[in-house]
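Numbering (the UniProt record's numbering), first residue to last: 1 to 322.
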Ligand SMILES: [Fe+2]
């Protein structure tokens, strides 16, 4: 009796290539090039695993002090963050939660805020992700914050994608103060600022002039803006805004060694305004990396961050001795 022939791999040349690749990955065809490629593949796999499992959950807290009378920002020493500053006004800056696409532990966020004791919490847009994702978790978190601190918020492009009308209604019902092209005076101790907010620039709704129209003369202005768009950069510098807090960039979300951020919407490849401090025409900007991890669903060398800015009032003038 004749035995049937053993089945051959289907696909001819393709099948042979597949078996070759399997052999290469299994290490049966060793060589310098193959070893290097295997090493590269292993590094890439480790980086993606790290960026998927670790960084989106690894909240970073950063604290700074900015004199309202002028001068650059300085890091706030850890020891100084745990008690109210001498008459300073403390803003906790959050941005880009992209609910429900965030994996930061809320308990860690709340613990840090309680330790800082801010005078207000500001959120610079993209609380929601989009029309197909419920923002309920994000609204609930804002409601939780608003029960303890004044919370001010400006919308981002994803909030408009989600549906700003219903999001705004839910946020205001939760006690969040929405600053859409308007502002309000904020005081703490000896410090006073005009806290203003502009609508999202990427959907063409930003009106810096309207936002700053109510600023009392001589009062330093802090502006909340979702993104460091060119129009806001120019307008803020022209009007002598002291500080702009922004997000949108996510710091690039994936940052390569020596290269930094690769691409940011609105700025393109190798963006200049990616994260951290920038002096733009005499106005200081802080661009935060955000809290959420939307597409491409990983963070690499770009942890989610929570930022404290302590605004220091000018020293009181002392008159000449009598
Ligand atoms: Fe965003």
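Here a beta-carbon is modelled for each residue, glycine too, at the ideal position from N, C-alpha and C.
Shown here for residue 118: same chain residues with a beta carbon closer than 7 Å to its own, the five before and five after excluded, namely 90, 91, 92, 149 and 308 in chain order.
Per DSSP, reduced to three states, the secondary structure at residue 232 is helical.
Look at residue 305 here: in three-state DSSP terms it is strand. Remark: the C-beta of residue 133 is outside contact range of ligand 1, defined as less than 7 Å to any heavy atom.
About 17 Å separates the beta carbons of residue 122 and residue 292, which is beyond the 8 Å limit, so they are not a contact pair. In terms of Cβ geometry, residue 183 and residue 211 form a close pair [threshold 8 Å]. Here the region 96–114 lies against the region 273–293, with 3 or more beta-carbon pairs under 8 Å apart. Counting C-beta pairs with one atom in each stretch, the region 150–161 and the region 124–139 have three or more that are closer than 8 Å, which means they touch. For residue 290, the Cβ falls inside the 7 Å cut-off from some heavy atom of ligand 1.
Within the chosen limit of 7 Å, ligand 1 reaches the beta carbon of residue 156 through at least one heavy atom. The straight-line gap separating the alpha-carbon atoms of residue 188 and residue 66 is approximately 15 Å. Burial is judged here by how many other beta carbons sit within 10 angstroms of a residue's own beta carbon; residue 270 has fewer than 16 and is exposed. Counted as a single uninterrupted DSSP element, the beta strand (DSSP E) harbouring residue 182 occupies residues 182–188. With fewer than three CB-CB distances shorter than 8 Å, the region 294–302 does not count as touching the region 231–245. Spatial neighbours of residue 68 in its own chain (CB-CB distance under 8 Å, excluding positions within 5 residues in sequence) are listed in chain order as 191, 193, 220, 242, 311, 312, 313 and 314. Residue pairing by DSSP places residue 165 opposite no residue, since no beta bridge is assigned to it. Comparing C-alpha distances from residue 205 to each of 62, 195 and 231 shows the shortest one belongs to 231.
Look at residue 171 here: in three-state DSSP terms it is helix. Contact between residue 114 and residue 57 is absent: CB atoms are separated by about 20 Å, not below the 8 Å threshold. Around the beta carbon of residue 256, a 10 Å sphere encloses fewer than 16 other beta carbons of the protein chains shown; the residue is thus reported as exposed. Annotated as proximal: residue 106 and residue 141, with beta-carbon spacing under 8 Å.
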